[in-house]
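Following my numbering, the numbering of the sequence shown begins with 1020 at its first residue and continues without gaps. Input: a single structure, listed below in structure tokens.
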Amino acid sequence: MRRLRYSDSSPKLIAKHANEGDEQAFVLAKALLEITPDPEAETKQKKEDGMFRPSLQPQSRLDEWQYTRFLEEIYKKLVAVNSMKALDLACEPLHDFARFSYPEHEENGTYDDISQVWRPAIENHPQNHRHHDIEDSLVDAVRDTAIEIVKENSPSLAIIVKSLEDRKWLIFRRIALYLLSVYPTLQPELVQRRLTDEEIFTDGSFRHEYAILAASAFNLLSEPQQKIIFDWIEKAERIKEAIEQDRKNVEVSAEREEILIECWQRDRLSLFSEHLKGGWKERYEKLVTKYG
1020 MRRLRYSDSS
1030 PKLIAKHANE
1040 GDEQAFVLAK
1050 ALLEITPDPE
1060 AETKQKKEDG
1070 MFRPSLQPQS
1080 RLDEWQYTRF
1090 LEEIYKKLVA
1100 VNSMKALDLA
1110 CEPLHDFARF
1120 SYPEHEENGT
1130 YDDISQVWRP
1140 AIENHPQNHR
1150 HHDIEDSLVD
1160 AVRDTAIEIV
1170 KENSPSLAII
1180 VKSLEDRKWL
1190 IFRRIALYLL
1200 SVYPTLQPEL
1210 VQRRLTDEEI
1220 FTDGSFRHEY
1230 AILAASAFNL
1240 LSEPQQKIIF
1250 DWIEKAERIK
1260 EAIEQDRKNV
1270 EVSAEREEIL
1280 IECWQRDRLS
1290 LFSEHLKGGW
1300 KERYEKLVTK
1310 YG
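The structure is reproduced here in structure tokens:
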């Protein structure tokens, strides 16, 4: 795909339409921000025994610097014209990046874009080591636009969370969790459902955003809802399953099993340690003393 120079007429024309409040700007911006499949995808996806399959590289019209500059400058003008439409405008290429990078994960229904690796934290964070990659800049644009929309129109929170989660890919579900952590008290039932979702609780891909949400909103859970989470921690089924898998390859002593389970329980309790009371608080403190 031909790379445009940032000085080419397209960005300037989009800015002109945006400044005039003309929604034609969105049509032009959608074409400029389009993400397309790796032209070598078919070759790369031909798997051969014992050979590593090269990663797919979706394409764009703008290079990484140009793309980021467009999102930081002209895209913000589009947000001012129609923020919900601008949100969709940023979501579409991020969605295409995910499905063109991991088509097999769309086919098998996991929608795992490995975003916990290339974007460890949805918020700005030192862990985010791929600053100014196109997908990284798109995450920033989706996140910031969603936050701004809810700031101006709080009832839109549920609509945006649903819209993000409906896209199924991990990165959008993580952004939705983060958005809820920014506004946890606006619609507590949305927070409660996700904190008590066992998949989200146990899947390490969600852990960073779950931790932020739990720290800010655990107190919004009723006692029965808190008990659901404490029961998961008590039973420790996920770590026990992992230990059994390990036993197929290595010996795991009873002592080692106890250490692994208790460290897992300590780590899960740490997500909302400031909200712990009574026996669970005492248990957490003992585990911290024992293991650090």
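We put the beta carbon where it would ideally sit given N, CA and C, even for glycine.
Continuous alpha helix (DSSP H) stretch holding residue i: start and end
i            : result
residue 1299 : 1297-1310
residue 1148 : From DSSP, residue 1148 is part of no alpha helix (DSSP H); its letter is neither H nor E.
residue 1086 : 1083-1091
residue 1131 : Note, residue 1131: premise wrong, no alpha helix (DSSP H); not H, not E.
residue 1197 : 1189-1201
residue 1106 : 1102-1120
residue 1167 : 1153-1171
residue 1275 : 1273-1288
residue 1038 : 1028-1038
residue 1210 : 1207-1214
residue 1048 : 1043-1051
residue 1062 : 1060-1063
residue 1227 : 1226-1236
residue 1182 : 1175-1185
residue 1057 : No alpha helix (DSSP H) contains residue 1057, which DSSP labels as neither H nor E.
residue 1270 : Premise fails: residue 1270 is in no alpha helix (DSSP H) and is neither H nor E.
residue 1244 : 1242-1254
residue 1221 : 1217-1221
Whole-angstrom distance between residue j and residue i, CA atom to CA atom
i            : j            : result
residue 1081 : residue 1282 : 46 Å
residue 1320 : residue 1046 : Residue 1320 is absent from the structure shown; the chain starts at 1020 and stops at 1311.
residue 1020 : residue 1078 : Caution is warranted here: a pLDDT of 40 is assigned to residue 1020, below 50, making its placement in the model unreliable, and the coordinate value is therefore given only provisionally. So the alpha carbons of these two residues sit roughly 7 Å apart.
residue 1189 : residue 1115 : 13 Å
residue 1237 : residue 1294 : 7 Å
residue 1210 : residue 1198 : 10 Å
residue 1176 : residue 1272 : 48 Å
residue 1037 : residue 1131 : 35 Å
residue 1173 : residue 1258 : 38 Å
residue 1256 : residue 1262 : 10 Å
residue 1279 : residue 1035 : 59 Å
residue 1160 : residue 1171 : 17 Å
residue 1187 : residue 1128 : 9 Å
residue 1133 : residue 1292 : 28 Å
residue 1200 : residue 1231 : 6 Å
residue 1204 : residue 1057 : 42 Å
residue 1084 : residue 1107 : 22 Å
residue 1023 : residue 1050 : In this predicted model, residue 1023 has a pLDDT of only 49, less than 50, meaning its place in the structure is not dependable; the value taken from the coordinates is given anyway. The straight-line gap from Cα to Cα measures roughly 12 Å.
residue 1265 : residue 1178 : 42 Å
residue 1148 : residue 1223 : 19 Å
residue 1300 : residue 1269 : 34 Å
residue 1235 : residue 1185 : 24 Å
residue 1241 : residue 1297 : 16 Å
residue 1307 : residue 1274 : 18 Å
residue 1032 : residue 1260 : 57 Å
Pick from the options that is closest to residue i, judged by C-alpha positions
i            : options                : result
residue 1122 : 1064, 1105, 1176, 1172 : 1064
residue 1289 : 1180, 1274, 1310       : 1310
residue 1286 : 1233, 1160, 1062, 1271 : 1233
residue 1212 : 1180, 1187, 1186       : 1180
residue 1117 : 1196, 1169, 1300, 1138 : 1138
residue 1061 : 1192, 1073, 1050       : 1073
residue 1092 : 1048, 1058, 1059       : 1048
residue 1252 : 1274, 1039, 1303       : 1303
residue 1095 : 1168, 1254, 1148       : 1168
residue 1154 : 1185, 1243, 1109, 1274 : 1109
residue 1191 : 1235, 1140, 1254, 1148 : 1140
residue 1254 : 1277, 1185, 1099, 1308 : 1277
residue 1030 : 1044, 1298, 1243       : 1044
residue 1099 : 1040, 1032, 1284       : 1040
residue 1284 : 1267, 1221, 1243       : 1221
Rounded distance between the beta-carbons of residue j and residue i, thought under 8 Å
i            : j            : result
residue 1207 : residue 1239 : 5 Å
residue 1075 : residue 1119 : 6 Å
residue 1053 : residue 1112 : 7 Å
residue 1156 : residue 1087 : 4 Å
residue 1158 : residue 1194 : 7 Å
- Message: Quick test of the definition: if touching needs 3 or more C-beta pairs under 8 Å, does the segment 1097-1114 touch the segment 1161-1173?
- Response: Yes, since at least three Cβ pairs between the segment 1097-1114 and the segment 1161-1173 fall closer than 8 Å, the two stretches touch.
- Pair every Cβ in the segment 1213-1231 with every Cβ in the segment 1129-1148, then say whether three or more of these pairs are closer than 8 Å. yes
- Are at least three pairs of beta-carbons, each pair with one atom in the segment 1203-1219 and one in the segment 1237-1254, less than 8 Å apart? Touching, yes.
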